[in-house]
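Colleague: Dumping the structure here so I can ask a few things about it.
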Amino acid sequence: MFHVSCDPHDPLEDFLARDILDPGSERSYRIKFDSKEGRYLVASKDIEPGEDILTEEALFWSPRYSTRPLCLVCYGYLYNKESCYICECGWPLCSEECLESAKTSDHVLECSLYTSHSQLRPDVHAFNFLGVEPSYDVVGPVRLLSKKGSSKWYMTWKLMSHLEDWKKIPGWIEAHHSVMKELKALFTETTDEEILTIFGIFYTNDFGVRVNAGVDGNGNPVLCPKIRQLYTLTSLLSHDCEPNTFRVINSKVDKKFRLEVKAKRRISKGEKITGTYVDVFAPTIVRKKVLKESKLFDCTCKRCSEAQDGVGGSDLVCPKCQNYVVCQKDLTYICSGCKEPYPEGPKKLLKYYGDLEEILEDPESCTVQAYESFISTRKKELHPHNLIFIRLMYSLSGFYGRLSGYEMPVMTEKMLRRKWEIGEVVMKALETFDLGISSYKGMIDYELHMPMIMLTKMELDAGYVEYDKAKDIFQKALTHLKASLSHLQYENPMSFEGQIYAGASLSLVPLDSFISQI
47 MFHVSCDPHD PLEDFLARDI LDPGSERSYR IKFDSKEGRY LVASKDIEPG
97 EDILTEEALF WSPRYSTRPL CLVCYGYLYN KESCYICECG WPLCSEECLE
147 SAKTSDHVLE CSLYTSHSQL RPDVHAFNFL GVEPSYDVVG PVRLLSKKGS
197 SKWYMTWKLM SHLEDWKKIP GWIEAHHSVM KELKALFTET TDEEILTIFG
247 IFYTNDFGVR VNAGVDGNGN PVLCPKIRQL YTLTSLLSHD CEPNTFRVIN
297 SKVDKKFRLE VKAKRRISKG EKITGTYVDV FAPTIVRKKV LKESKLFDCT
347 CKRCSEAQDG VGGSDLVCPK CQNYVVCQKD LTYICSGCKE PYPEGPKKLL
397 KYYGDLEEIL EDPESCTVQA YESFISTRKK ELHPHNLIFI RLMYSLSGFY
447 GRLSGYEMPV MTEKMLRRKW EIGEVVMKAL ETFDLGISSY KGMIDYELHM
497 PMIMLTKMEL DAGYVEYDKA KDIFQKALTH LKASLSHLQY ENPMSFEGQI
547 YAGASLSLVP LDSFISQI
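Below is the structure:
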């Protein structure tokens, strides 16, 4: 659990000093330790929903392991070598602006090294711009080793690495051989053990946070990659697939990825303060697999212990009788119709989740047609409310109304009904596992209120609906809008969710006034 020179009982005043919430106020948490879990946080008082728990800036950030090509200054995607601006060190950047600011950005850490080690310069012409580019795997360790001896290095070294457990995984050391070889050429004093410890610390403690590039000219969020961040205090949160906190991140490089941890629901004094390391939309088998492989523990939280979530989130369709194949507590599958075991269930679910990750990470696939096609081609295999579909529908609900050809003013009745339908399906699922304050629920509440208003106005104007029924639907739309504001009020104003909150705030009074006049 703890590597050499990392004593779990070391005082953590330097960790606590990272909390910049309010240095003069009493903290709402305490750091505790046990031999099984290591360090963790508990509430030192009752904490109310939405209340700030801690605020800290990222200690460290870099590209993730196994990433697609990206700019090492702004972290935006790179799509081909022709559009790249090559830095003097050989690494590709995305623009003249990033090229000019390279020497004052994080990139300077690797830039100076590769400039002086020309034989190790990356070969951009050999890069894979369509998928994972292994050249980037070295950047994180390079940046940390460049800080060796600094306060950030020592704080990073205090984080758990689980190194001995990682070493036990067949092929784990071998998978890092090429990176180790390059690092030892750049840092002649470093050792294999030190490099492997760095990877252990990264894997055990890092968060994957998507860089915020704002919105495009049509108001759509720009798709950017997730990068690795390390936070000292936030890394001490215990994991739970139904966490009692949520995180608000200023995902801008120049803001040092400032992170606020807030209470998602009421947290009682003495209760563990929990966060999540996995996508809450992931089915149980996927979550448990990701946590076992990436964080080295078997999740036994309430959600993982109860295979059924009430909506069919992990369920498949039986190829024999077309009834639903249901996930059991032991993560096996049995058909609810023919009662036959379905041993290939876990493998199929993991395969389809891999397909989901591919489409979500592919900028070219961010279209209504691609997402609807994904659903239609798999509806004979997956339960209609399988969380793989729910995750895709979450994004799809925003595509309807924003993407070119699907803007709200040109939406047909069929499109509006589809937006309404998927919004209700997603909300029903979220209410089973995303309890308390939720940006996901806030966004779906906002997406739901729009088709409810537009469709009902169309029907009211055409005489297809009575005033009383129309007013009732308008009131429900207003309730969704108010709920959206309640959930999104905590979001970073510069984020997409924060901008939706600002727009929703302006819509509240006019909608209320409109309803009162009916």
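Count along the sequence shown from 1, add 46, and you get the number used in this note's numbering.
Backbone N, C-alpha and C define an ideal beta-carbon position, used for all residues, glycine too.
Spell out a yes or no on whether the region 459-467 and the region 419-436 are touching, meaning 3 or more CB-CB pairs, one atom from each, closer than 8 angstroms.
Modeller: Under the Cβ criterion (8 angstroms, minimum of three pairs), the region 459-467 does not count as touching the region 419-436.
Colleague: If I measure Cβ to Cβ from Ile564 and keep anything under 8 angstroms in the same chain, skipping five residues before and after, which residues do I get?
Modeller: Tyr513, Ala516, Lys517, Phe520
Colleague: Is Gln374 buried or exposed, if buried means 16 or more other CB atoms sit within 10 Å of its CB?
Modeller: exposed
Colleague: Hey, would you say Ile319 sits closer than 8 angstroms to Asn290, going by beta carbons?
Modeller: yes
Colleague: Can you give me the Cβ contacts of Pro168 inside the same chain, cut-off strictly under 7 angstroms, excluding the 5 residues immediately before and after it?
Modeller: Gly136, Trp137, Ser181
Colleague: Assign Arg437 to buried or exposed, taking buried as 16 or more other Cβ atoms, counted over all protein chains shown, within 10 Å of its Cβ.
Modeller: buried
Colleague: For Tyr536, count the other beta carbons within 10 Å of its own beta carbon; 16 or more makes it buried, fewer makes it exposed. Which is it?
Modeller: With 16 or more Cβ atoms within 10 Å of its Cβ, Tyr536 is classed as buried.
Colleague: Alpha carbon to alpha carbon, how far is Lys526 from Ser158?
Modeller: Reading off the sequence shown, one finds His at residue 526, where the question assumed Lys. Approximately 53 angstroms between the Cα atoms of the pair.
Colleague: Can you tell me where the beta strand (DSSP E) holding Glu102 begins and where it ends?
Modeller: 98-102
Colleague: Alpha carbon to alpha carbon, how far is Gly469 from Lys426? Give it in angstroms, no decimals.
Modeller: 21 angstroms
Colleague: Pull the bridge partners of Cys373 from the DSSP assignment, please.
Modeller: Tyr379
Colleague: Taking all protein chains shown into account, decide if Tyr277 is buried (16 or more other Cβ within 10 angstroms of its Cβ) or exposed.
Modeller: buried
Colleague: If you check the beta carbons only, do Pro95 and Arg312 fall under 8 angstroms apart?
Modeller: yes
Colleague: Which of the three DSSP states, helix, strand or coil, is assigned to Phe253?
Modeller: strand
Colleague: Could you give the distance in angstroms between the alpha-carbon of Lys335 and the alpha-carbon of Ser559?
Modeller: The straight-line gap separating the alpha-carbon atoms of Lys335 and Ser559 is approximately 50 angstroms.
Colleague: For the 8 angstroms Cβ check, are there 3 or more pairs between the region 328-345 and the region 383-400?
Modeller: yes
Colleague: Evaluate the contact criterion for the region 83-103 versus the region 146-157: three or more CB pairs, one atom per stretch, below 8 angstroms.
Modeller: no
Colleague: Using a threshold of 8 angstroms, state whether the C-beta atoms of Thr322 and Asp286 are closer than that.
Modeller: yes
Colleague: Go to Val357, then tell me how far its alpha helix (DSSP H) extends in each direction, as first and last residue.
Modeller: It is not in any alpha helix (DSSP H) - Val357 carries neither H nor E in the DSSP assignment.
Colleague: Please confirm if the region 190-205 is in contact with the region 245-258, defined as three or more CB-CB distances below 8 angstroms between the two stretches.
Modeller: The region 190-205, when compared against the region 245-258, does touch it at the 8 angstroms Cβ threshold.
Colleague: Assign Asn251 to buried or exposed, taking buried as 16 or more other Cβ atoms, counted over all protein chains shown, within 10 Å of its Cβ.
Modeller: Counting the other CB atoms within 10 Å of its CB gives Asn251 a total of 16 or more, which places it among the buried residues.
Colleague: Determine the extent of the beta strand (DSSP E) in which Asp80 is found, giving its start and end residues.
Modeller: That run of the beta strand (DSSP E) goes 75-80.
Colleague: Return the CA-CA distance between Ser196 and Pro497, expressed in angstroms with no decimal places.
Modeller: 55 angstroms
Colleague: Could you work out which residue in Leu229, His171, Val178 is closest to Pro187 when comparing CA atoms only?
Modeller: For Pro187, the nearest C-alpha among the options comes from Leu229.
Colleague: Roughly how many angstroms separate the alpha carbons of Gly569 and Ala508, rounded to a whole number?
Modeller: Because the chain is modelled from 47 through 564, residue 569 falls outside the range shown and cannot be assessed.
Colleague: Measuring only the C-alpha atoms, how far is Glu317 from Ser284?
Modeller: 11 angstroms
Colleague: Suppose the cutoff is 7 angstroms on Cβ atoms and the five residues either side in sequence are ignored; what does the same chain contact list for Ser141 look like?
Modeller: Closer than 7 angstroms at the Cβ level, and outside the excluded window around Ser141, lie Tyr131.
Colleague: How would you write the range of the beta strand (DSSP E) that Thr291 sits in, first residue to last?
Modeller: Segment 291-295, the beta strand (DSSP E) holding Thr291.
Colleague: Would the beta-carbon of Ser360 fall within 8 angstroms of that of Tyr370?
Modeller: no
Colleague: Excluding the 5 residues preceding and the 5 following Glu543 in the sequence, name in chain order all residues of the same chain whose CB lies nearer than 8 angstroms to its CB.
Modeller: The answer, listed in chain order, is Ser485, Gly488, Met489, Leu534, Glu537.
Colleague: Given a threshold of 16 other Cβ atoms within 10 Å of its Cβ, counted over all protein chains shown, does Ala221 qualify as buried or as exposed?
Modeller: It counts as exposed.
Colleague: Per DSSP, what kind of secondary structure is Phe106 in: helix, strand or coil?
Modeller: Note: Phe106 maps to strand in three-state DSSP.
Colleague: List the whole-angstrom C-beta distance separating Tyr417 from Ser443, where the pair is believed to meet the contact cut-off of C-beta under 8 angstroms.
Modeller: No, Tyr417 and Ser443 are not in contact; Cβ-Cβ is about 10 angstroms, not under 8 angstroms.
Colleague: Kindly indicate which residue of Arg304, Glu407, His223, Glu210 has the alpha-carbon position closest to the one of Pro271.
Modeller: When each option's Cα is compared against that of Pro271, the closest is Glu407.
Colleague: Distance, Cα to Cα, Leu377 vs Pro387?
Modeller: 11 angstroms
Colleague: For the candidate residues Ser541, Ser411, Gln545, Ser551, whose alpha-carbon lies nearest to that of Ala529?
Modeller: Answer by Cα proximity: Ser551.
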